[in-house]
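Residue numbers (the working numbering): 20 to 358. Taking it in order: structure first as structure tokens, then the write-up.
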């Protein structure tokens, strides 16, 4: 370009090793820039790995402002960047009140075509995900709603990798016939992702894919066998994972189709101490040192449920119902969740 207005160059880094930006996408909903990086200058299958980092636009804008201030107000640093115009020292020529986040130089400024080189990093020390797949990633797309962010990443083998930021361990891979994914574009009515379509641009195809296919599945078992679908137990329906509003994101530690088969005994006294209920499930539950199972008791029309700690032994959970004085009888609804 013969004229470059208000050009400022700053280094951007991701983690400790990912210094080469491949491509980036901006999320209007989150006001965040998502960058796809690699750790080598040229992509190769033996030593290249990839990562995704996020950067707040407010943080980027402030870093640019401080770099412009350092040059034009404080007179520190260099202008020119050499490969655009010859390097020259910054000269203090503005007062602090003369510049802001939207500052552009005047056309009669003799340094009009001399961009400012900054040394303050736009950095993110912790990537949201690192990839060790022996492929070269080429494209990225972001979809956001109020609950989660879904990320699509394309590679040079024709595969689209899809995951949510709330669960980066669960990555769904879909392969297309083409060799390379050139770009990805999500088309949807904001701010939700309902009825969204993903446009996949390859080296020889343009593919339109509907992401909202989950509603056709009416049972939990059918729903759980479909990638990116999740059975929302509270709504009792199958939806895309990013549309399930109420479920705890940690529920991926248990099978979403787990349900209570029976409770022993089925009737208990409401004002007796140390009453024990044995809750039997259709499949064994995981027992580890991280998750804590809780029993939730809903009583008649009372808005606030009672919670008690559960004791887990494979597919049997022991629950201890609350003591309800001043009540002769009532219908109690039992459910469970991970705390």
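By construction, the Cβ of each residue, glycine as well, lies at the ideal position given by its N, Cα and C atoms. Since the model is a prediction, treat every value here as computed from it, not as a measurement.
Beta-carbon proximity list for residue i, same chain, < 8 Å, skipping 5 on both sides
| i | result |
| --- | --- |
| residue 134 | 23, 26, 27, 28, 98, 99, 100, 103, 104 |
| residue 118 | 84, 87, 88, 91, 92 |
| residue 291 | 342 |
| residue 234 | 256, 257, 258 |
| residue 39 | 56, 57, 58, 59, 60 |
| residue 339 | 293, 294, 295, 296, 314, 327, 328 |
Three-state secondary structure (DSSP) of residue i
| i | result |
| --- | --- |
| residue 150 | strand |
| residue 286 | coil |
| residue 243 | helix |
| residue 266 | Interpretation of residue 266 is limited by its pLDDT of 47, a score under 50 that renders its predicted location unreliable; the figure taken from the coordinates is listed afterwards. If DSSP states are grouped into helix, strand and coil, residue 266 belongs with coil. |
| residue 300 | strand |
| residue 272 | Confidence in residue 272 is poor, its pLDDT being 41 and thus under 50, which makes the residue's placement too unreliable to answer from. |
| residue 17 | No information on residue 17 is available, as it lies outside the stretch 20 to 358 that the chain covers here. |
| residue 216 | strand |
| residue 124 | coil |
| residue 116 | helix |
| residue 292 | coil |
Neighbourhood of residue i by C-beta distance below 6 Å, restricted to the same chain and skipping five residues each side
| i | result |
| --- | --- |
| residue 176 | 154 |
| residue 37 | 56, 58, 70 |
| residue 361 | Residue 361 is absent from the model: the chain starts at 20 and stops at 358. |
| residue 50 | 76 |
| residue 30 | 140 |
| residue 62 | 155 |
| residue 301 | 278, 280 |
| residue 207 | 215 |
| residue 68 | 58, 151 |
| residue 172 | 156, 159, 180 |
Of the residues the options, the one placed nearest residue i, counting alpha carbons only
| i | options | result |
| --- | --- | --- |
| residue 434 | 258, 244, 254, 64 | The question about residue 434 has no answer, for the chain in this structure spans 20 to 358. |
| residue 200 | 60, 157, 80 | 157 |
| residue 240 | 226, 225, 256, 229 | 256 |
| residue 195 | 169, 323, 226 | 226 |
| residue 327 | 336, 66, 337, 314 | 314 |
| residue 168 | 205, 193, 150 | 205 |
| residue 279 | 150, 337, 184, 214 | 337 |
| residue 303 | 332, 287, 170 | 332 |
| residue 146 | 340, 67, 33, 180 | 33 |
| residue 360 | 298, 73, 222, 96 | Limits of the chain in this structure are 20 at one end and 358 at the other, which puts residue 360 out of reach. |
| residue 299 | 311, 285, 293 | 285 |
| residue 65 | 191, 339, 224, 152 | 152 |
| residue 203 | 288, 214, 170 | 170 |
First and last residue of the uninterrupted alpha helix (DSSP H) at residue i
| i | result |
| --- | --- |
| residue 339 | Looking at the DSSP string, residue 339 is not in any alpha helix (DSSP H), and its letter there is neither H nor E. |
| residue 78 | 76 to 91 |
Where the beta strand (DSSP E) through residue i begins and ends
| i | result |
| --- | --- |
| residue 203 | 200 to 206 |
| residue 189 | 186 to 194 |
| residue 248 | 248 to 251 |
| residue 160 | 156 to 163 |
| residue 46 | 39 to 46 |
| residue 259 | 256 to 259 |
| residue 174 | 168 to 174 |
| residue 178 | 178 to 183 |
| residue 103 | Here residue 103 belongs to no beta strand (DSSP E), and DSSP marks it neither H nor E. |
| residue 54 | 51 to 57 |
| residue 317 | 312 to 318 |
| residue 143 | 141 to 143 |
Residues near residue i in its chain [Cβ-Cβ closer than 7 Å; skip 5 each side]
| i | result |
| --- | --- |
| residue 79 | 52, 141 |
| residue 228 | 216, 217, 219 |
| residue 236 | 242, 245, 248, 257 |
| residue 94 | 109, 110, 111 |
| residue 42 | 55, 158, 159 |
*asked:* Under 8 Å: do the region 163 to 175 and the region 33 to 50 share three or more Cβ pairs, one atom per stretch?
replied: yes
*asked:* Does the contact criterion of 3 or more C-beta pairs under 8 Å hold for the region 105 to 112 versus the region 137 to 145?
replied: Contact between the region 105 to 112 and the region 137 to 145 is absent, because fewer than three Cβ pairs lie under 8 Å.
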